[in-house]
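Below is one structure, written out as structure tokens, with a few remarks after it.
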Amino acid sequence: MRRFWIGIITLIVLLSGCDAQQFLATPKPGSSNNSNQPQAEVNHMALGNPSGALPETSSSDNYLIQRPEYSLAYNRKLNILNWVSWHLDIGDLGNTDRSQFTTDPDLPEGWYRVKPTDYTNSGYDRGHMLPSADRTASESINRSVFYMTNIVPQAPDNNQGPWKEFEDYCRDLVRDGKQLYLIAGPEGSDGSIGDPKIRVPKYVWKIALVLDANDQISDINRNTEVIALRMPNRDGIRDKDWRDYIVSVATIEEKTKYTFFTNLSSELQNSLKQKVATP
DNA sequence: CTGGCGACC
DNA sequence: GGTCGCCAG
């Protein structure tokens, strides 16, 4: 009976959109992984800011959110992100439990904040762009990727199929001695869910630049491995290989109108963007 | 929030 | 074992 009432109260809280989880959560000051703390020092936009996002409310369709865990451009009109950019190395891979989806507490006042329940019974997964498993060094770090600003309506067969397989592949690279610069986001429109409307992307894309664990940005050269994917956001592809969706970065630029790798020389950009990976 | 469930590697 | 999720209470 006691559990019953706790359930009902929780349900009411969730449905009302009140962000009680912020208060119920128990941040542990000393709980962060103190053996290695690369997060605070990493520049997650080391390769560039593909859409020129700004941290100003006037830039509401391209609003830059920078956290120790990632950099993200949010689109208030679409109620999803434009892209999220992050660095991945061995220090990011820990063993925390998955957090719970929550509204993003840091969006400007007056902006609609997508709730986890906005996706319920929509037919779409709450699809992480920056995967939970890439941020498991501590509970507070993992919590940051469960903000709904990092989530798009993603077809289950995409999210749980080849998209997930590529996420696994990236972490395997890291465990095999690599570090990755990653950026991912939605593209196009397949309608919307919810009220207010949350854009359902027609595609999701992801770019991984692969370096050895001890490389610097300055070690990037024309032979650096770059893997770019563009995957339809629909069901029926669960058993596809992620390699079936490899494209060039140039293709993603053409489709999204973003510009990647702007912090690299134009020669290097041109060379890397034409490549079609064969992993 | 917890706990149970299902899918896949 | 892990990962990704779903829903009920």
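Numbering (mature numbering (1 follows the signal peptide of the UniProt record, and there is no 0)), first residue to last: -25 to -1, 1 to 254. Each residue gets a CB set at the ideal place from its N, CA and C atoms; glycine is no exception.
Can you tell me whether DSSP reads Lys248 as helix, strand or coil? Translated into the one-based positions of the first sequence, residue 248 becomes position 273. In the structure shown, Lys248 sits in a helix (DSSP, three-state: H, G or I).
On the three-state DSSP scale, how would you describe Gly160? On the first sequence, residue 160 is found 185 positions in, with the first residue counted as 1. In the structure shown, Gly160 sits in a strand (DSSP, three-state: E or B).
Alpha-carbon spacing of Thr226 relative to Pro131, whole angstroms: Sequence index remark: in the first sequence, residue 226 carries index 251 (1-based). Sequence index remark: in the first sequence, residue 131 carries index 156 (1-based). Distance between the alpha carbons of Thr226 and Pro131: 25 Å.
For the 8 Å Cβ check, are there 3 or more pairs between the region 137 to 145 and the region 78 to 91? Touching, no.
With DSSP collapsed to three states, give me the class of Gly27. Here residue 27 corresponds to residue number 52 of the first sequence, with the count starting at 1. Gly27 sits in coil when the DSSP states are folded into three classes, being neither helix nor strand.
Kindly indicate which three-state DSSP category Leu243 falls into: helix, strand or coil? Here residue 243 refers to the residue found at position 268 when the first sequence is read from its first residue. Leu243 falls in the helix class under three-state DSSP.
Just the Cα atoms here: how many angstroms apart are Thr71 and Glu229? Position 96 of the first sequence holds residue 71. Position 254 of the first sequence holds residue 229. Taking the straight line joining both Cα atoms gives about 38 Å.
Would you report the Cα separation of residue 317 and Lys153, rounded to the nearest angstrom? Residue 317 lies beyond the range of the chain shown here (-25 to 254); nothing can be said about it.
With a cut-off of 8 Å on the beta carbons, I'd call Ser60 and Asn117 a contact; round off their distance for me. Counted from its first residue, the first sequence places residue 60 at position 85. Counted from its first residue, the first sequence places residue 117 at position 142. The pair is not a contact, with the Cβ atoms about 18 Å apart (cut-off 8 Å).
Proximal residues to Asn238 (C-beta, below 7 Å), its chain only, five neighbours per side dropped: Along the first sequence, one-based indexing puts residue 238 at 263. Excluding sequence positions up to five before and after Asn238, its CB lies within less than 7 Å of the CB of Ala21, Leu22, Gly23, all in the same chain and listed in chain order.
Is Ile182 near Ala159, with beta carbons less than 9 Å apart? Here residue 182 is taken as the residue at index 207 of the first sequence, counted from 1. Here residue 159 is taken as the residue at index 184 of the first sequence, counted from 1. Contact: yes.
Quick check for students: name the residue ranges of the beta strand (DSSP E) that lie wholly in the region 64 to 140, counting only runs of 3 or more. Counting only runs of at least 3 residues, the region 64 to 140 fully encloses the following beta strand (DSSP E) elements, listed from N- to C-terminal order: 100 to 103, 126 to 129.
For residue 262, does the three-state DSSP call read helix, strand or coil? The question about residue 262 has no answer here: the residues shown for the chain are numbered -25 through 254.
Among residues of its own chain, excluding the 5 on either side of His103, which ones have a beta-carbon nearer than 7 Å to its beta-carbon? Your numbering for residue 103 matches position 128 in the first sequence. Answer for His103: Val120, Asn125, Ile126, listed in chain order.
At what residues does the beta strand (DSSP E) containing Glu200 begin and finish? By one-based count along the first sequence, residue 200 stands at place 225. Looking at the DSSP string, the run of the beta strand (DSSP E) that includes Glu200 is 200 to 207.
Top-ranked residue by Cα proximity to Asp170, from Leu53, Asp151, Leu155: As a position in the first sequence, residue 170 is number 195, starting the count at 1. Checking every option, the nearest Cα to that of Asp170 belongs to Leu53.
Could you check where the beta strand (DSSP E) with Ser46 kicks off and where it finishes? Counting from 1 along the first sequence, the entry for residue 46 is found at position 71. It spans 45 to 50 - the beta strand (DSSP E) in which Ser46 sits, taken as one unbroken run.
Roughly how many whole angstroms lie between the Cα atoms of Tyr38 and Leu56? By 1-based counting over the first sequence, the position of residue 38 is 63. By 1-based counting over the first sequence, the position of residue 56 is 81. Taking the straight line joining both Cα atoms gives about 9 Å.
The beta strand (DSSP E) that contains Leu39, what's its start and end? Taking the first sequence and counting its residues from 1, the one referred to as residue 39 is at position 64. From DSSP, the beta strand (DSSP E) with Leu39 extends over 38 to 42.
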